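Okay, structure first, notes after.
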Amino acid sequence: MDDTLPDDRNGPETIGPYRVLGILGEGGMGVVYLGEQRVPVRRRVAIKVIKLGMDTREVLARFDTERQALSLMEHANIARVFDAGSTETGQPWFAMELVKGEPITTYCDGRKLGIRERLELFLQVCAAVQHAHVRGVMHRDLKPTNILAVTTDSGASVKVIDFGLAKATAQPLTESTLYTQQGQILGTPEYMA
């Protein structure tokens, strides 16, 4: 959804220090709002919040893992976390870089990019994944909708998002880290390796 025309369904007026401008997207467990920070800098952000009633132990643990995994990342091709907290009703949230992009396949197909341009974007994805691995984090749900492509002043660029199924490879990311049960499948089957 275009962040300049967010869905205006009723949501909170504020989340933490951010004014909520609308809904960017909604999944089964959470909502992503378009927010605006006013001080100390003025910028728009994406704010991810767990839906009321979805605060099971597993959902909360995965959400905590995602925000902790993202907070470890300092890479141009991974969306950054700016802030985190809990709402007045106890729902965890985090504010992150607003990526005004589209899924990498949509971006490439819509612009009829050739093999060379597609590979240049893919190399950025590889660099982001390697950065995560060096930081001890495996994404585990890499797919086109979790790789957003944008056009910047310096050309095409990608941002890897949604570390909701991330797994720590060296040490637990949080005290509430969940361990995948034997036989449990996480991720999107069409994109699993």
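Be aware that the sequence shown starts at 3, since it is given in our numbering, and climbs by one per residue. Virtual Cβ for every residue (Gly too), placed ideally from N, Cα, C. Remember, predicted model here, so these are calculated numbers, not experimental data.
Using CA coordinates, which residue listed in the options is at the minimum distance from residue i?
i, options, result
"TRP95", "ALA170, PRO191, LEU72 and ARG44", "LEU72"
"VAL51", "THR89, GLU38 and GLU15", "THR89"
"ILE25", "LEU144, ALA48, GLU76 and VAL127", "ALA48"
"ARG82", "GLN70, MET98 and LEU121", "MET98"
"THR91", "LYS169, PHE165 and THR16", "THR16"
"LEU162", "ARG137, GLU119, HIS77 and GLY13", "The residue you asked about is not Leu; residue 162 is Val in the sequence shown. Checked all of ARG137, GLU119, HIS77 and GLY13; the closest Cα to VAL162 is HIS77."
"LEU100", "GLU192, GLY13 and VAL34", "VAL34"
"LYS102", "THR153, PRO14 and ILE80", "THR153"
Since residue i sits in a beta bridge, which residues does DSSP pair it with?
i, result
"ILE49", "TYR35 and ALA97"
"TYR109", "Its beta-bridge partners do not exist; DSSP assigns none."
"SER88", "PRO94"
"GLU122", "Answer by DSSP bridge pairing: none, since GLU122 is not bridged."
Cβ-heavy atom distance between residue i and the ligand ZN below 7 angstroms?
i, result
"LYS102", "The ligand ZN is absent from the structure shown, which contains no ligand whatsoever."
Among residues of its own chain, excluding the 5 on either side of residue i, which ones have a beta-carbon nearer than 7 angstroms to its beta-carbon?
i, result
"GLN39", "PRO19, TYR20, ARG45 and VAL47"
"GLU68", "PHE165, GLY166 and ALA168"
On the criterion of 16 or more Cβ atoms from any shown chain inside 10 Å, does residue i qualify as buried, or is it exposed?
i, result
"ILE117", "exposed"
"ASN148", "buried"
"ASP155", "exposed"
If residue i and residue j are in contact, beta carbons under 8 angstroms, what's the gap, nearest whole angstrom?
i, j, result
"LEU23", "LEU36", "4 angstroms"
Among the residues of its own chain, which have a CB less than 8 angstroms from the CB of residue i, if the five just before and after it don't count?
i, result
"VAL139", "ALA71, LEU74, MET75, PHE165, ALA168, LYS169, ALA170, THR171 and LEU175"
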